[in-house]
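All remarks here apply to the structure that follows.
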Amino acid sequence: MNFTHIIAEKINQTLENTFDLDKLEKLVEKPKDLNRGDYAFPTFSLAAKFHEAPQKIALKIADEIDRTNFANVKAVGPYVNFFIQRVEFTNQLLKEILLNDDFGRNNQGAGKKIVIDMSSPNIAKPMSMGHLRSTVIGEAISKIAKANGYQTIKINFLGDWGTQFGLMIAAYKLWGDDKLINKNPVDELVKLYVKINKESETDKSLKDSGRAWFKKLEDGDPEAVKLWNWFKSVSLKEFQEVYDRLGVSFDSMNGEAFYNDKMEPVVKMLASKGLLTESQGAEIVDLPNLLPKDNYPIAMIKRSDGATQYITRDLASAIYRHDAYDFAKSLYVVGAEQKDHFDQMKAILKLAGDDWADDIEHIGFGMITMNGKKMSTRKGNIVPLVDVLDTARQLAAEQISEKNPGLENADHVAEEVGAGAVVFNDLQKDRNLSIDFNLEKIVQFEGDTGPYVQYTHARAMSILRKSGQQAILNTGVTFVDEEAWPIVSRLSAYPEMIKRAWQLREPSIVAKYLLSLARDFNSYYAHTKILVNNEKMQSRLSLVQGVCSVLKSGLNLLGVSAPNQM
Ligand code: ARG
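Going by UniProt numbering, the sequence shown opens with residue 1, and the numbers climb by one from there.
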């Protein structure tokens, strides 16, 4: 139930519906002091229109308003204070939560598709923390979009094309060792790549050889294609391990290579619209000249040696996705450092007359630092993601064996908690902020962590288990503790929260909500005994069940599981 809305509507009825509902809704306040009601409405801004004192208007509203759902509505000076009928309200809310699997979901996106470009690591390179963020944020946004009724298409735009693969093949031909590569694919391939880059500083012929191999690859030479495919499949196998552990899957794995035969039409289209300029043998879109006000850099479409570029492939993929999916929105979950790239891409499409480009959004995010330090792949201090997940699992296992030594399938739960900790940490701050990564801290069962929310859920579940009965809703809630009211009010905000998280494409809204709900519940539980031998127990159990259900549903929106015991 959305009370601000209900109140605005009821007030408007007393005013012959003369006001704009949205405006009235924005005026409704939530007083800090509960003596002033659960909601309050100030009448100052209505005074001018009615040529009446605010106090008088407040009295008129309190007098004439429809009081259903309210225990009391009273005028206090220029304010109208609303006191909700708590038992009735709680009853209705818990029925909604517990009798439907889809509490909080809405259908605003029915029939509409959202394309999400996410994860998109580069083959023959380790998946970086940035790719992890993209994966985790993309997955959460997809789930949030679905909760708003949209259909989503998750695309892993693998970095599997570019001149570097020519160099890679050249290096392999010189020094490659199949046994080593099969054992530790990405590691070995990186070593080969680093080596050939280093040696080519003194031996210029290596670069030529790389170019020649890339040309062969482009022309479909069987040996080149076979090697490239092999590099790709061993890399994908490594990536898949991370995806499996995070429970993430994709609807399409069409990476950059998929667009090989789709770029020439794009280049032709740009030329036909007069957007291509020649510059020292290269083909560019001269954005600074075409859009002087916007400050975009020049976009290189084709190098002087004929090689297409990252942006060429992205133009092709944007157009392909538009044609293939007829999307309502096309999102790109990619680090903030690529903002220019996506701005350029949109600007070029718009110049070409593709107005649907307005529906493309770059969903940027900040960097991850590890214990305060930047993590760089180039300097070689890479932490493989699988190792991160292993350590998180280990740390979770230690806490579980301390808190709950006899736990069945403790290994499985440790995995859920470890992965949950990493994912939650990635999602709990506004995505554009940089986040620091301190494994010890984020796996703690206390503090602002995923495991804290999971643990709260597990504790609440154990109360239900110990009660020996399912909370029986049809007996209904007959009583609401004063201290339980913040929980009820928070639970009732869940549907609006889901809308906002989608509007802002911001999983942190869900994460913050869950932390607050967990805190509300824990402070209630610290003061209130739930398993008591009186008629209050049933009401309290129903509430606990509502909390469990929303915590679990919210965690799942983030791609985090909610073990029943931990
Ligand atoms: N592979 C790229 C990188 O690692 C990210 C690709 C993002 N998606 C896109 N459509 N450009 O930087």
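Note that the Cβ used here is the ideal one computed from N, Cα and C, for glycine as well.
Looking at the backbone, the Cα of Q92 and that of V388 are separated by about 44 Å. I284 is positioned such that its CB atom lies closer than 7 Å to that of I298. Around S45, the same chain offers L27 as residues with beta carbons nearer than 8 Å, after the five sequence neighbours per side are excluded. Here DSSP, grouped into helix, strand and coil, assigns P42 to strand. Taking 6 Å as the cut-off, the C-beta of S120 counts as close to a heavy atom of the ligand ARG. In the displayed model, E278 falls within a strand according to three-state DSSP. The count of Cβ pairs closer than 8 Å, one atom from the segment 35 to 51 and one from the segment 80 to 98, reaches three, so the stretches are in contact.
Excluding the 5 residues flanking it on each side, T391 has same chain C-beta neighbours closer than 6 Å at L439, in chain order. Relative to the ligand ARG, the beta carbon of D314 is positioned inside 6 Å of a heavy atom. Note on geometry: alpha-carbon atoms of T152 and V115 lie some 6 Å from one another. Taken through DSSP and simplified to helix, strand or coil, I298 comes out as coil. In the DSSP assignment, S330 falls within the beta strand (DSSP E) that extends over K329 to V333. Under the three-state reduction of DSSP output, H362 falls in the strand class. No Cβ-Cβ contact shorter than 7 Å links V242 with L99.
Spatial neighbours of F157 in its own chain (CB-CB distance under 6 Å, excluding positions within 5 residues in sequence) are listed in chain order as D117, S120 and G255. Remark: C-beta atoms of G366 and K339 do not approach each other more closely than 7 Å.
Spanning the alpha carbons of R211 and D358 requires a straight line of approximately 37 Å. Counting only runs that start and end inside the UniProt domain "Arginyl tRNA synthetase N-terminal" (5 to 84), the beta strand (DSSP E) elements of at least 3 residues fall at 39 to 42, 70 to 76 and 79 to 84. Residue environment: E506 is assigned as buried (16 or more neighbouring CB atoms within 10 Å of its CB, all protein chains considered). Counting only runs of at least 3 residues, the segment 196 to 281 fully encloses the following beta strand (DSSP E) elements, listed from N- to C-terminal order: 276 to 279. Per DSSP, M537 is one residue of the alpha helix (DSSP H) stretching across K536 to L557. Excluding residues up to 5 positions away in sequence, G149 lie with their Cβ nearer than 7 Å to the Cβ of A110 in the same chain.
In terms of CA proximity to N122, W228 leads the group N564, K143 and W228.
The segment 442 to 461 makes contact with the segment 551 to 562; the number of CB pairs closer than 8 Å reaches 3 or more. Separation of A171 and V234 (C-alpha to C-alpha, rounded to the nearest whole angstrom) is 17 Å. For V480, the three-state secondary structure derived from DSSP is coil.
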